[in-house]
Amino acid sequence: MSEERFNPEITKKIEENTDVIIQKILAEQEEEIDKINKEANEKIKKIEEDIVKEAENEAESEFLNEKAKQDLDLRLKITKFRDEIVYEFVQKANKKIESLIKTKEYEKSLRNMILEAILTLKQQEINVYCRKEDKSILSKQFLDSISAEIKKEQKLDVKINVSEKHITNIGGVILETIDGKISINNTYEKRIERSLEELKRKLSLMLIQEEG
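If you read the sequence shown in the numbering used here, its first letter stands for residue 299, the second for the next number, and so on.
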């Protein structure tokens, strides 16, 4: 029994089988190690990519923040410059109006303002509010001539009443329907105000194009 146990052929076969098993184990280990290494490398690569991506995102975020800051600074600069121009426009307009109301042209301007408002309202009776200083201009003869022109051109009979209440604007008139439901503000301040929005829009566009 002991001879069979130690038979060289059997021993050789056992050694060969053992070597095969060991080689298989080693091969499997190498495969496992390769697999682990591959997974590790993939994880490392993923971490590296994440770090790079994070850095890129931070850089992009910084760039966007800087761009947003520059855009805001530009808008503020444009707004400030635009408002300065608008302020100058208002000052010049007011001075021009102050000079105008001392001339005969002002009477013509008032006539056109009243005529324009009546043609818009298309009412048979209208109340007119004016400055105390302008009441002498809005005489019966002055208003009758406006009514006559409207009747001739629009076939509309209009009675124009000058209110005892006065406005404190620098010039112009306010017209109102008898029931007070509809009014048209044709004062110079209101006309300037209506012009400002269009002026601001045009100035902003011009300044943006200039900066670009």
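Glycine included, every Cβ here is placed at the ideal spot set by N, Cα and C.
A Cβ-Cβ separation of about 16 Å leaves H464 out of contact with K488 under the 8 Å criterion. Taking the Cα positions, A415 is about 6 Å away from I482.
In the three-state scheme derived from DSSP, where H, G and I count as helix and E and B as strand, L374 is classed as helix. For K433, the three-state secondary structure derived from DSSP is coil. Membership of I444 in any beta strand (DSSP E) is not indicated; the residue belongs instead to the alpha helix (DSSP H) covering K438 to Q452. Three or more beta-carbon pairs separated by less than 8 Å are not found between the stretch 429 to 448 and the stretch 488 to 502, which leaves the two stretches without contact.
Of the candidates E382, E491 and L408, the residue whose Cα lies closest to the Cα of I444 is L408. Contact check for V471 against C428 passes: the beta carbons are separated by less than 9 Å.
Taking 9 Å as the cut-off, the beta carbon of L417 is found closer than this to the beta carbon of Q452.
From the listed residues E405, I376 and E382, the smallest Cα separation to G469 is found for E405. According to DSSP, residue pairing for E423 in a beta bridge involves K457.
For G469, there is no enclosing beta strand (DSSP E), as DSSP marks it with neither H nor E.
E474 sits buried, since 16 or more C-beta atoms from the chains shown fall within 10 Å of its C-beta. Non-local beta-carbon contacts of V384 in its own chain, meaning distances under 8 Å to residues more than five positions away in sequence, involve L494, L497, K498 and L501 in chain order.
In the structure shown, the three-state DSSP call for T418 is helix. For I482, the three-state secondary structure derived from DSSP is strand.
Taking all protein chains in view, the Cβ of N410 is surrounded by fewer than 16 other Cβ atoms within 10 Å, so the residue is classified as exposed. Cβ neighbours of K449 within its own chain (closer than 8 Å, five residues either side excluded): D455 and V456.
With a contact defined as Cβ atoms closer than 8 Å, N459 and N425 qualify at about 5 Å. Assigned with DSSP and collapsed to three states, K400 falls in coil, not helix or strand.
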